[in-house]
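Engineer: All letters in the sequence shown, in the order written, are residues 792 to 1375 by my numbering. Idealized CB from N, CA, C, for every residue including glycine. Structure incoming, see below.
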Amino acid sequence: MASGFSGRCGVQSPIATRSEAGTGAILKRSLTERERLQQQQQMQLQDALRSVKQRTLLASSASSHLPPPPPVDLSSGSSSLTSSNFPASGFARRREMFFSVTQTAAGSGSDNRPSAAIQDRLQELERQLFLDEDDEEDAVSASGSAVTTAEWSDAMQQLTSPPLPPPAAAVAAPNQLSPSPTNSSSTVSSSASSSPPSLSTAAAASSRQMLLDTAVAIADGNVEAAAGNLAVLKRAANHRGDAEQRLTAVMLPALVSCMNPPPTGNFCPSIAELCSAEHFAATQVLYELSPCFKLGLIAANLAILEATKDHPKIHILDFQFGQGGQYLTFLHALAERQRLRPTARSPVIRITAVADPSSPFTRNNGGNLRAVGHQIEKLAERAGLAVRFGVVHRRPADLDAAALGCEPGEALAVNLAFALARIPDESVSPSNPRDELLRRVRALRPRVVAMVEQEINTSTAAFAARFGEACAHYGALLESLDATMARDSAERARVEAWLARRAVNSVATEGADRVERCEVFGKWRARMGMAGFDPLPFGPAMIEPVKAKLASVRSNPGFTIKEEGGRLGFAWKDRVLTVASSWR
792 MASGFSGRCG VQSPIATRSE AGTGAILKRS LTERERLQQQ QQMQLQDALR
842 SVKQRTLLAS SASSHLPPPP PVDLSSGSSS LTSSNFPASG FARRREMFFS
892 VTQTAAGSGS DNRPSAAIQD RLQELERQLF LDEDDEEDAV SASGSAVTTA
942 EWSDAMQQLT SPPLPPPAAA VAAPNQLSPS PTNSSSTVSS SASSSPPSLS
992 TAAAASSRQM LLDTAVAIAD GNVEAAAGNL AVLKRAANHR GDAEQRLTAV
1042 MLPALVSCMN PPPTGNFCPS IAELCSAEHF AATQVLYELS PCFKLGLIAA
1092 NLAILEATKD HPKIHILDFQ FGQGGQYLTF LHALAERQRL RPTARSPVIR
1142 ITAVADPSSP FTRNNGGNLR AVGHQIEKLA ERAGLAVRFG VVHRRPADLD
1192 AAALGCEPGE ALAVNLAFAL ARIPDESVSP SNPRDELLRR VRALRPRVVA
1242 MVEQEINTST AAFAARFGEA CAHYGALLES LDATMARDSA ERARVEAWLA
1292 RRAVNSVATE GADRVERCEV FGKWRARMGM AGFDPLPFGP AMIEPVKAKL
1342 ASVRSNPGFT IKEEGGRLGF AWKDRVLTVA SSWR
């Protein structure tokens, strides 16, 4: 192509007229004219950029009160972005062309002369900047709606995607505790390990959540984080505070015990405390003052009375006689039934306390059984009832009708109220004394088996899950005690000390040292079914007296009775604490 200078090619003018552009004419200019044209182009580019910048600032100011645009899906499989990916406003398209021009110019290298593609985009940008807003929808050219440069994709990705949040480590306070992990294998932040967290941090997160976080830290071996949390929890615990502070005081010893376990092979001190006379006395206080426990025992009594009514001889096998408090209400109900039926003959009742000589509870309370039984006999005599009491010391595997003194013609009833949780299961011994006992009881063919247990799983769950179950259960129980006992009551202090000892044993110990292994009703139902028992639903004759008793003692509407599948659940608000059921 001829030119005025050898070795130089003609440059197509970006400002040619429409007729010239339509005919494809090539304008040939001298060097001076080309330099003048380049200066004009640079001035036009600067004017265009200033105009876009002004309108961008206005739009940014207007959009500062609007939510950020949704992120654009930038597919890695294609470098092209169509105009349909972006908002239809004219500002968005101008922003698109602005970034396209500036990014392309930035990557043009040392050659300062704009390419033909840049000239086309400049023309399109100039035309778009002066179009009316109403005409912009149809004015985007093909070169403005589809851009193929990688720089454009990167620019739009940065513009339309919301900024990433700063790393947690960068914004967390030095002593801030991490939120609760989603599973027990998650690592708790060790930010609390350098120094104990402040009390203000403890106020920000509930003590209960901190208890759970500490349990997870212990399970994961994060000793430093656990120790930091314990320092805060010790200051938050209050035996005379609200329910949350009391829960912290009850559950804290379990965490401390986990952090400082006794040497292997040593006798676990929590067993001696759990089987002491003080512990048995505190248990009786709870059974008397907590409607959830007391009503469960009343339901068991009514199930026995209903199944053995009109029988002249009744034999009750009790596998958890304890302090005998359950039989105070039993004798009262039996005497009331005799009062309503004066012509009926009073039955002869035998109560046999079955004690396992291998159980730590028997070793620490066995000598007291006969003394308590003697008191029961005297109370029955004053009520005009004939009651005989006896004790049988047998392991579950050695139980049979002869060993238990069962006689022909007796209506046999078995009382398992709060008994099965104290009998080792398959996780402790391959012989599985718990299921062995149920099979032995089934072989006796009793008329009824009454069972009451706490609704909590502290048997097979892992430590962190077991601790969470205990927190939920004891937290609801402590709240319920506010409705029945004064906060500064000596009896309540005794009960809460008992709960703390139970928590240490059921949560912080493993193997045979854990002497109480509670299960939820679904597991008990499976065990009873495998042993050959069928459910014996509570009927109206048993349910109505329990409801009437609740109405007479209830001082707070938080206590409820839930009937489901023939069993009775005794709850504080939405949390079932105990479940009573009967079987045959």
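Taking DSSP as the reference, what is the three-state secondary structure of Gly1032?
Structural biologist: In the structure shown, Gly1032 sits in coil (DSSP, three-state: anything other than H, G, I, E or B).
Engineer: Short of 8 Å in beta carbon distance, which residues of its chain neighbour Gly900, apart from the five on each side in sequence? Order them along the chain.
Structural biologist: Low local confidence applies: a pLDDT of 45 at Gly900 is under 50, so the model's placement there is unreliable, with the coordinate-based value given in what follows. Cβ neighbours of Gly900 beyond the five flanking positions: none.
Engineer: Using DSSP with H/G/I as helix, E/B as strand and the rest coil, what is Lys1353?
Structural biologist: Strand.
Engineer: Helix, strand or coil, according to DSSP, for His1184 in the structure here?
Structural biologist: His1184: strand per DSSP, three-state reduction.
Engineer: Can you check DSSP and say which residues form a bridge with Val1298?
Structural biologist: Answer is none; Val1298 lacks a bridge partner.
Engineer: Where are the beta strand (DSSP E) runs, 3 residues long or more, that stay fully inside the stretch 1062-1148, in chain order?
Structural biologist: You should have 1104-1109, 1139-1146.
Engineer: Going by DSSP, which residues form a beta bridge with Gly1019?
Structural biologist: Paired residue(s): none; Gly1019 is not in a bridge.
Engineer: For the alpha helix (DSSP H) that Met1276 lies in, which residues bound it at each end?
Structural biologist: Note, Met1276: premise wrong, no alpha helix (DSSP H); not H, not E.
Engineer: Using a Cβ-Cβ cutoff of less than 6 Å, which residues in the same chain neighbour Arg886 once the five nearest sequence positions on both sides are dropped?
Structural biologist: With a pLDDT of only 45 at Arg886, under the threshold of 50, the placement of this residue in the model should not be trusted; the figure read from the coordinates follows. Result list for Arg886: empty, nothing under 6 Å.
Engineer: Excluding sequence positions up to five away, which residues of its chain have a Cβ less than 7 Å from the Cβ of Ser1218?
Structural biologist: Taken in chain order, the residues that qualify are Ser1250, Thr1251.
Engineer: Whose C-beta lies closer than 6 Å to the C-beta of Ser1372 among residues of the same chain, with five residues either side of it excluded?
Structural biologist: Closer than 6 Å at Cβ, skipping near neighbours: Met1242, Arg1358.
Engineer: What are the start and end residues of the beta strand (DSSP E) that includes Ser1373?
Structural biologist: Ser1373 -> beta strand (DSSP E) spans 1366-1374.
Engineer: Is it buried or exposed for Thr1153, if we count other Cβ within 10 angstroms and need 16 for buried?
Structural biologist: Result: buried.
Engineer: Enumerate in chain order the residues of its own chain whose CB-to-CB distance from Arg1185 is below 6 Å, with the five nearest sequence positions on each side excluded.
Structural biologist: Excluding sequence neighbours, Arg1185 sits near Ala1194.
Engineer: CB-CB under 7 Å to Gln949, same chain, minus the five flanking residues each way: which ones, in chain order?
Structural biologist: Residue placement at Gln949 cannot be trusted, given a pLDDT of 45 that sits under 50; what the coordinates show is reported in the next sentence. Counting only Cβ-Cβ distances below 7 Å, and skipping sequence neighbours, we find nothing.
Engineer: Verify whether the separation of the beta carbon atoms of Ala1034 and Asp1365 is less than 9 Å.
Structural biologist: Contact flag unset, no.
Engineer: Given a threshold of 16 other Cβ atoms within 10 Å of its Cβ, counted over all protein chains shown, does Ser1343 qualify as buried or as exposed?
Structural biologist: By the neighbour-count rule (16 or more Cβ atoms within 10 Å), Ser1343 is not buried but exposed.
Engineer: Is it buried or exposed, Lys1085, if we count other Cβ atoms within 10 angstroms and call 16 or more buried?
Structural biologist: So Lys1085 counts as buried.
Engineer: Give a yes or no on whether the C-beta atoms belonging to Ser1048 and Ala1299 are separated by under 9 Å.
Structural biologist: In this structure, Ala1299 lies closer than 9 Å to Ser1048 by Cβ.
Engineer: Ignore the nearest five residues each way along the sequence and tell me which others in Ala1045's own chain have a CB closer than 6 Å to its CB.
Structural biologist: Ala1294, Val1295, Val1298, Ala1299, listed in sequence order.
Engineer: If we count Cβ pairs, one from each stretch, closer than 8 Å, do we get three or more for the stretch 1111-1120 versus the stretch 1071-1089?
Structural biologist: In short, these stretches touch, since the Cβ pair count reaches three.
Engineer: How far does the alpha helix (DSSP H) with Ala1317 in it reach, from first residue to last?
Structural biologist: Ala1317 -> alpha helix (DSSP H) spans 1312-1321.
Engineer: Between which two residues does the beta strand (DSSP E) carrying Arg1358 extend?
Structural biologist: From DSSP, the beta strand (DSSP E) with Arg1358 extends over 1358-1363.
Engineer: Run through DSSP, which three-state label would Asn1206 get?
Structural biologist: Strand.
Engineer: Report the option in Glu1310, Glu1172, Phe1180 whose CA atom is closest to the CA atom of Ala1162.
Structural biologist: The shortest C-alpha separation from Ala1162 is found at Phe1180.
Engineer: Which whole runs of the beta strand (DSSP E) in the stretch 1198-1256 are 3 residues long or more, in chain order?
Structural biologist: With a minimum length of 3 residues, the continuous beta strand (DSSP E) runs that stay inside the stretch 1198-1256 are 1202-1208, 1239-1245.
Engineer: Shortest alpha-carbon distance to Ala1188 belongs to which of Arg1230, Arg1375, Arg1173, Ile1105?
Structural biologist: Nearest of Arg1230, Arg1375, Arg1173, Ile1105 to Ala1188, Cα basis: Arg1230.
Engineer: Pairs of beta-carbons, one from the stretch 1102-1111 and one from the stretch 1322-1340, closer than 8 Å: are there three or more?
Structural biologist: The stretch 1102-1111 vs the stretch 1322-1340: no contact.
Engineer: Would DSSP call Ala1177 helix, strand or coil?
Structural biologist: DSSP places Ala1177 in strand when its eight states are reduced to three.
Engineer: Here's the rule: buried if 16 or more other CB atoms are within 10 angstroms of the residue's CB, otherwise exposed. What is Glu1355?
Structural biologist: Answer is exposed; the Cβ neighbour count stays below 16.
Engineer: Expressed to the nearest angstrom, what Euclidean distance is found between the alpha-carbon atoms of Leu1160 and Thr1143?
Structural biologist: The alpha-carbon atoms of Leu1160 and Thr1143 are separated by roughly 10 Å.
Engineer: In chain order, what residues of the same chain lie with their CB nearer than 7 Å to the CB of Arg1305, ignoring the 5 residues before and after it?
Structural biologist: Excluding residues within five positions, the ones whose Cβ falls inside 7 Å are Asn1296, Ser1297.
Engineer: Take Gly1360 as the anchor and find which of Leu1341, Asn1347, Arg1375 has the nearest alpha-carbon.
Structural biologist: Nearest C-alpha to Gly1360: Leu1341.
Engineer: On the three-state DSSP scale, how would you describe Pro1151?
Structural biologist: Helix.
Engineer: Assign Pro1052 to one of three DSSP states: helix, strand, or coil.
Structural biologist: Note: Pro1052 maps to coil in three-state DSSP.
Engineer: Quick one: measure Cβ to Cβ for Asp1109 and Val1145, integer angstroms, because I've assumed they're closer than 8 Å.
Structural biologist: The pair is a contact, with the Cβ atoms about 7 Å apart (cut-off 8 Å).
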